[in-house]
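The listed protein sequences correspond, in order, to chains A and B. When you read off a place in the first sequence, starting at 1, and then add 1181, the result is the number in the working numbering. When you read off a place in the second sequence, starting at 1, and then add 1181, the result is the number in the working numbering. One structure is given below, encoded as structure tokens.
There are 2 protein chains.
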Amino acid sequence: MADPPPTSRFDPARRFPTDLPPTGALMPGDPVGSRRFMTVTDGRPFALEAGGRLDEITVAYETWGHLDIDASNAVLVCHALTGDSHASGGIAPGHPSVGWWNDLIGPGRAIDTDRYFVVCSNVLGGCQGTTGPASINPATGRPFGSDFPQVTIRDMVRAQQLLASRLGIDRWLSVVGGSMGGMQVLEWGAMYPRRVKSLVPLATTAAASATQIAWSAVERLSIVTDPNFNDGDYYDAGPGGGPWKGLMIGREIAQITYRSAEVFDERFGRAHHDYRAEFHPWGRFEIESYLDHHGQKLVRRFDANSYLVVSKSMDLHDLGRGRGGVRAALGRLRMPVLTASISSDVLYPPCQQADIHDGITAGGGDCRYEVIDSPQGHDGFLLESGRLGPPIREILERAEKDDV
Amino acid sequence: MADPPPTSRFDPARRFPTDLPPTGALMPGDPVGSRRFMTVTDGRPFALEAGGRLDEITVAYETWGHLDIDASNAVLVCHALTGDSHASGGIAPGHPSVGWWNDLIGPGRAIDTDRYFVVCSNVLGGCQGTTGPASINPATGRPFGSDFPQVTIRDMVRAQQLLASRLGIDRWLSVVGGSMGGMQVLEWGAMYPRRVKSLVPLATTAAASATQIAWSAVERLSIVTDPNFNDGDYYDAGPGGGPWKGLMIGREIAQITYRSAEVFDERFGRAHHDYRAEFHPWGRFEIESYLDHHGQKLVRRFDANSYLVVSKSMDLHDLGRGRGGVRAALGRLRMPVLTASISSDVLYPPCQQADIHDGITAGGGDCRYEVIDSPQGHDGFLLESGRLGPPIREILERAEKDDV
Chain A
1182 MADPPPTSRF DPARRFPTDL PPTGALMPGD PVGSRRFMTV TDGRPFALEA GGRLDEITVA
1242 YETWGHLDID ASNAVLVCHA LTGDSHASGG IAPGHPSVGW WNDLIGPGRA IDTDRYFVVC
1302 SNVLGGCQGT TGPASINPAT GRPFGSDFPQ VTIRDMVRAQ QLLASRLGID RWLSVVGGSM
1362 GGMQVLEWGA MYPRRVKSLV PLATTAAASA TQIAWSAVER LSIVTDPNFN DGDYYDAGPG
1422 GGPWKGLMIG REIAQITYRS AEVFDERFGR AHHDYRAEFH PWGRFEIESY LDHHGQKLVR
1482 RFDANSYLVV SKSMDLHDLG RGRGGVRAAL GRLRMPVLTA SISSDVLYPP CQQADIHDGI
1542 TAGGGDCRYE VIDSPQGHDG FLLESGRLGP PIREILERAE KDDV
Chain B
1182 MADPPPTSRF DPARRFPTDL PPTGALMPGD PVGSRRFMTV TDGRPFALEA GGRLDEITVA
1242 YETWGHLDID ASNAVLVCHA LTGDSHASGG IAPGHPSVGW WNDLIGPGRA IDTDRYFVVC
1302 SNVLGGCQGT TGPASINPAT GRPFGSDFPQ VTIRDMVRAQ QLLASRLGID RWLSVVGGSM
1362 GGMQVLEWGA MYPRRVKSLV PLATTAAASA TQIAWSAVER LSIVTDPNFN DGDYYDAGPG
1422 GGPWKGLMIG REIAQITYRS AEVFDERFGR AHHDYRAEFH PWGRFEIESY LDHHGQKLVR
1482 RFDANSYLVV SKSMDLHDLG RGRGGVRAAL GRLRMPVLTA SISSDVLYPP CQQADIHDGI
1542 TAGGGDCRYE VIDSPQGHDG FLLESGRLGP PIREILERAE KDDV
């Protein structure tokens, strides 16, 4: 029996389930899983690089392993745009997915939690426990929404540093991260050179390029033009009431840039998903179903306002701002650095990591550069952990020995 | 004096002017410029590959040069997704832009209008004079809107063939086009092998890839989720009433895929457009202003429903459908073919044109393959006409001499 023909050109029910929450942010009453929380501001307002301020900041974080007696074995892991503190560990209430770097962080793994004390915190402006747009604005008693100030990567790093100091960590053995996580890694090196013994910025850039800004910008446009965005005030809307269509489309755009034509061709080719409707305007190919799946998945765990704030912070990322330019900033880094490219990464192309390497070594610094030959695209920094592991293990061991 | 600070996170007036028309389609009463019109159906309904039918089809077309006495000097030029019949010629009422291949088509140019009779018609499903979603549905007396049936590249080519026969052109000296135009070129070779003496498919593919489908799909999603889309019935809406936000965002996505990181970095880098608002969430970088400009420009000259229909026809493009696969279809082509790649094209990557070449020659056919080394990306097929000209001139001259 064939399905009845769709009655309109666009059949929304097939694409957009109606039960999606108004926000995927961690909200009061949700299970917190293995997160812990630290108020890092201690009553003093936190002034932001862009000019605003936050009266109070809570940081959600997770840790693995044990801090040794002289606090010398701590590794900070920094997450990417839609990541959170759950870098390692299984699915559990509060953690709908396995840790995003689970293969890399754990007992006996490259970032060995039998040996190191590993910390990962949700970024400032995020939506998984750290103060962000879904948090309650003390001035109004309601979620910040669009009143949340614009933050930068430097603000995120400063919040991490406040957390580190409260955890008793004076110096990280290493700060490690990919993509936006790598932006934080580089800023750690520039802002707190004496508080990091080594840096591992992966699949990242010293300054967002025009093309990277372009992608972020259209993703954000798709969110704010969703009529349910309501200028950022949607937290009280019922199921289906938030700007999740816009966020879903934004994620679908991003998802294409995260992978490669090679992977998509091999995995999906021209296969039809809605096979009884090959020629129907809204009959989907497999690749479309895949994108819809990823869009819907993000909407259930992320907040549209956080996407706007954090994505813009990436566009604003420029290691050279106020430091005489990118080359000068890179050239001053003196700790050992490991950077790596994924050969098929079209969003953070290998030339950007080569530039990081060249900028550091031109200044007399110490940088190892690895190219991982892989078809996985930008997501390779998550998926190729088996090949990223050995050089990461090496630089950590070297940092342990270095008695700088 | 600084501007007053924007009052909301998203300041729509800066991005979205309010005077945009509900549709950019050519509407009754608009100046037609140098277009001519031909009803090609003669009272017989036109059955579509996807299963629908159209009772009447009008084709809008333009011509340059003179048809010789034995109709042996005719060249068909096929346009891309948002192109139209104005391939050559200046700005005039009805033609807001210079012809899209003006440097290639004209007196003394590679496609020499002193020598050849050149025809370019707006595609079936388009919005610049040929029957499409903005046309009046004879069954209702109102624009088709979403009732317009899905068309395919093969339907477009069959409509062109009806036009050719009414113009007295039994055989084209050559059929030439890039991108979606190149899809039509290949279908001409497969559908009407005795009606074409040579083919010039540029920066195109024999079948849309998963990644190409992915981009088209998110562009279409951005249109249909615009609340002003109204299931395709927006032609009576006043200024600002159509789904132009969705179409604008769709175009911005597409525009990024049409160029290259190299061009964007060199032209825009990290320069700010809204320079008093560098850190403001909606302060734009130059690249964003550029994208907004292109988005707004398209909205004034294109119809959202046409975008949906024509973009989907590209996803459905598969030269091998019903022909035993792409390789078999290519291997049967017997006329001389010239194909070309733009080295930096990320949307129609060079491997796709190499596949066209390989498929033709593997079957014993005659195919020349040129790679234009250029940073312009996919748009290089429009911008590098100076370098595409000589090989095109050559294949036309050869087709003139061939007495097949």
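Don't be surprised by glycine CBs; every beta carbon is placed ideally from N, CA and C. Everything numeric in this text was worked out from a predicted model, so none of it was measured.
Mind checking the segment 1208-1232 of chain A against chain B and listing, in chain order, the residues whose C-beta falls within less than 8 Å of any C-beta there? Answer set for the segment 1208-1232 of chain A: Glu-1230, Ala-1231 and Gly-1232.
Is DSSP giving Tyr-1242 of chain B helix, strand or coil here? Numbered from 1 along the second sequence, position 61 holds the residue referred to as residue 1242 of chain B. In the three-state DSSP reduction, Tyr-1242 of chain B falls in the strand class (E or B).
Status (buried if at least 16 other CB within 10 Å, exposed otherwise) for Arg-1307 of chain A: Along the first sequence, one-based indexing puts residue 1307 of chain A at 126. Sequence inspection shows Gly at residue 1307 of chain A; the Arg mentioned does not correspond to that position. Looking at its Cβ environment, which holds 16 or more other Cβ atoms inside 10 Å, Gly-1307 of chain A is buried.
Residue from A:Arg-1508, A:Ile-1537, A:Asp-1249 and A:Ser-1397 with nearest C-alpha to Thr-1294 of chain A: Start at 1 with the first residue of the first sequence, and residue 1294 of chain A comes out as number 113. With distances taken between Cα atoms, Thr-1294 of chain A lies closest to A:Asp-1249.
Close-in-space but distant-in-sequence residues of the same chain around Glu-1575 of chain A (CB under 6 Å, 5 per side omitted): Within the first sequence, the letter at position 394 stands for residue 1575 of chain A. Cβ contact annotation for Glu-1575 of chain A (same chain, cutoff 6 Å, sequence separation greater than five): none.
From B:Cys-1548, B:Leu-1207, B:Glu-1243 and B:Pro-1209, residue whose alpha carbon lies closest to that of Ser-1215 of chain B: Within the second sequence, the letter at position 34 stands for residue 1215 of chain B. It is B:Glu-1243 whose Cα lies nearest to the Cα of Ser-1215 of chain B.
Using 8 Å for Cβ pairs, my map puts Leu-1428 of chain A next to Tyr-1373 of chain A. What's the rounded Cβ distance? In the first sequence, residue 1428 of chain A corresponds to position 247, counting from 1. In the first sequence, residue 1373 of chain A corresponds to position 192, counting from 1. Contact doesn't hold; Cβ gap of about 33 Å is too wide.
On the criterion of 16 or more Cβ atoms from any shown chain inside 10 Å, does Ile-1573 of chain B qualify as buried, or is it exposed? Counting from 1 along the second sequence, the entry for residue 1573 of chain B is found at position 392. Buried.
Spatial distance of Leu-1402 of chain B from Pro-1424 of chain B (CA atoms): Taking the second sequence and counting its residues from 1, one reaches residue 1402 of chain B at position 221. Taking the second sequence and counting its residues from 1, one reaches residue 1424 of chain B at position 243. Taking the straight line joining both Cα atoms gives about 12 Å.
Chain B contacts from the segment 1375-1405 of chain A (Cβ-Cβ distance under 8 Å): Going along the segment 1375-1405 of chain A in chain order, one finds Ala-1388, Ala-1389, Ser-1390, Ala-1391, Thr-1392, Ile-1394, Ala-1395, Trp-1396, Ala-1398, Val-1399, Leu-1402, Ser-1403 and Val-1405 with a Cβ nearer than 8 Å to chain B.
Same chain, Cβ closer than 6 Å to Arg-1568 of chain B, five either side skipped, listed in chain order: Locating residue 1568 of chain B in the second sequence gives position 387, where the first residue counts as 1. Result list for Arg-1568 of chain B: Ile-1553, in chain order.
Near Val-1444 of chain A, which residues of its chain fall below 6 Å by C-beta distance, leaving aside the five closest residues on each side in sequence? Counting from 1 along the first sequence, the entry for residue 1444 of chain A is found at position 263. Answer for Val-1444 of chain A: Pro-1556, listed in chain order.
So, for Leu-1514 of chain A: in the same chain, excluding its five sequence neighbours on each side, which residues have a beta-carbon less than 6 Å away from its beta-carbon? Sequence index remark: in the first sequence, residue 1514 of chain A carries index 333 (1-based). So the qualifying residues of the chain are Gly-1370, Ile-1541 and Gly-1546.
Taking just the CA atoms, how far does Gly-1363 of chain B sit from Ala-1183 of chain A? On the first sequence, position 2 is the one that residue 1183 of chain A refers to. On the second sequence, position 182 is the one that residue 1363 of chain B refers to. In this prediction, Ala-1183 of chain A scores a pLDDT of 40, lower than 50, which makes its location untrustworthy; the coordinate-derived value is nonetheless stated afterwards. Their Cα atoms are separated by approximately 35 Å.
From Ala-1345 of chain B to Arg-1352 of chain B, what distance separates their C-alpha atoms? Numbered from its first residue, the second sequence carries residue 1345 of chain B at position 164. Numbered from its first residue, the second sequence carries residue 1352 of chain B at position 171. Rounded to the nearest angstrom, the two C-alpha atoms are 8 Å apart.
Please confirm whether Gln-1331 of chain A has its beta-carbon closer than 9 Å to some beta-carbon of chain B. Taking the first sequence and counting its residues from 1, one reaches residue 1331 of chain A at position 150. Interface residue, yes.
Close beta carbons around Ala-1398 of chain B, own chain, < 8 Å, minus the five adjacent residues each side: In the second sequence, residue 1398 of chain B corresponds to position 217, counting from 1. Asp-1496, listed in sequence order.
Given 8 Å as the limit, tell me if Gly-1567 of chain B has its C-beta closer than that to any heavy atom belonging to the ligand COA. The ligand content of the structure shown is nil, which means the ligand COA is not present either.
Could you check the C-alpha separation between Ser-1327 of chain B and Ala-1206 of chain B for me, to the nearest Å? Taking the second sequence and counting its residues from 1, the one referred to as residue 1327 of chain B is at position 146. Taking the second sequence and counting its residues from 1, the one referred to as residue 1206 of chain B is at position 25. Going by the C-alpha atoms only, they are around 15 Å apart.
For the segment 1237-1304 of chain B, which segments carrying the beta strand (DSSP E) assignment without a break, of at least 3 residues, lie completely within its bounds, in sequence order? Counting only unbroken stretches of 3 or more residues, the beta strand (DSSP E) elements lying wholly within the segment 1237-1304 of chain B are 1239-1245, 1255-1259 and 1298-1302, in sequence order.
Buried or exposed: where does Thr-1386 of chain B fall if 16 or more other Cβ atoms within 10 Å of its Cβ makes it buried? Residue 1386 of chain B sits at position 205 when you count from the first residue of the second sequence. The residue is buried, with at least 16 neighbouring Cβ atoms inside 10 Å.
In terms of residues, what are the limits of the beta strand (DSSP E) holding Met-1516 of chain A? Taking the first residue of the first sequence as position 1, residue 1516 of chain A is located at position 335. Run containing Met-1516 of chain A: none; DSSP gives neither H nor E here.
Enumerate in chain order the residues of its own chain whose CB-to-CB distance from Ser-1390 of chain A is below 8 Å, with the five nearest sequence positions on each side excluded. On the first sequence, position 209 is the one that residue 1390 of chain A refers to. So the qualifying residues of the chain are Gln-1533.
Could you tell me which residues DSSP pairs with Pro-1212 of chain B in its beta bridges? What you label residue 1212 of chain B is simply residue 31 of the second sequence in a count that begins at 1. Pro-1212 of chain B pairs with nothing; no bridge assigned.
Which runs of the alpha helix (DSSP H) fall wholly inside the segment 1479-1567 of chain A and span at least 4 residues, in chain order? Counting only runs of 4 or more, we get 1485-1496, 1507-1512, 1531-1543 and 1561-1564.
In terms of residue numbering, what span does the alpha helix (DSSP H) encompassing Arg-1401 of chain A cover? Against the first sequence, residue 1401 of chain A aligns to sequence position 220. Taken as a continuous stretch (DSSP letters only), the alpha helix (DSSP H) holding Arg-1401 of chain A covers 1391-1405.
Would you report the Cα separation of Val-1357 of chain A and Arg-1579 of chain A, rounded to the nearest angstrom? Walking along the first sequence from the start, residue 1357 of chain A turns up at place 176. Walking along the first sequence from the start, residue 1579 of chain A turns up at place 398. When rounded, the distance between both Cα atoms is 15 Å.
Counting only the same chain and skipping the five closest in sequence on each side, list residues whose C-beta sits under 8 Å from that of Arg-1217 of chain B. In the second sequence, residue 1217 of chain B corresponds to position 36, counting from 1. Ala-1241, Tyr-1242, Glu-1243 and Thr-1244, listed in sequence order.
Verify the CB distance criterion: does Ile-1430 of chain A have a CB-CB separation below 9 Å to chain B? Walking along the first sequence from the start, residue 1430 of chain A turns up at place 249. So, interface residue.
Starting from Thr-1220 of chain A and walking both ways along the alpha helix (DSSP H), at which residues does that stretch end? Position 39 of the first sequence, counted from the start, is the residue given in the question as residue 1220 of chain A. Note, Thr-1220 of chain A: premise wrong, no alpha helix (DSSP H); beta strand (DSSP E) at 1217-1220.
CB contact check: Asn-1318 of chain B to chain A, cutoff 9 Å: Taking the first residue of the second sequence as 1, we reach residue 1318 of chain B at position 137. It does not; no Cβ of chain A falls within 9 Å.
Boundaries (first-last residue) of the beta strand (DSSP E) holding Gly-1313 of chain A: Reading the first sequence from its first residue, position 132 is the one you call residue 1313 of chain A. First-last for Gly-1313 of chain A: undefined, no H or E at that position.
State the DSSP-derived secondary structure class of Arg-1440 of chain B, mapped to helix, strand or coil. The residue labelled residue 1440 of chain B in the question sits at position 259 within the second sequence. In the three-state reduction of the DSSP assignment, Arg-1440 of chain B falls in the coil class, being assigned neither a helical nor a strand state.
Which whole-angstrom value is the C-beta distance of His-1247 of chain B and Phe-1298 of chain B, which I expect to be below 8 Å? Here residue 1247 of chain B corresponds to residue number 66 of the second sequence, with the count starting at 1. Here residue 1298 of chain B corresponds to residue number 117 of the second sequence, with the count starting at 1. Your pair His-1247 of chain B and Phe-1298 of chain B checks out as a contact, with CB atoms roughly 6 Å apart and the cut at 8 Å.
According to a CB-to-CB cut-off of less than 7 Å, which residues of the segment 1417-1446 of chain B neighbour chain A? Of all residues in the segment 1417-1446 of chain B, Lys-1426, Ile-1430, Glu-1433, Ile-1434, Ile-1437, Ala-1442, Phe-1445 and Asp-1446 have a Cβ within less than 7 Å of some Cβ in chain A.
Determine the extent of the alpha helix (DSSP H) in which Ser-1346 of chain A is found, giving its start and end residues. Counting from 1 along the first sequence, the entry for residue 1346 of chain A is found at position 165. For Ser-1346 of chain A, the enclosing alpha helix (DSSP H) stretches over residues 1334-1347.
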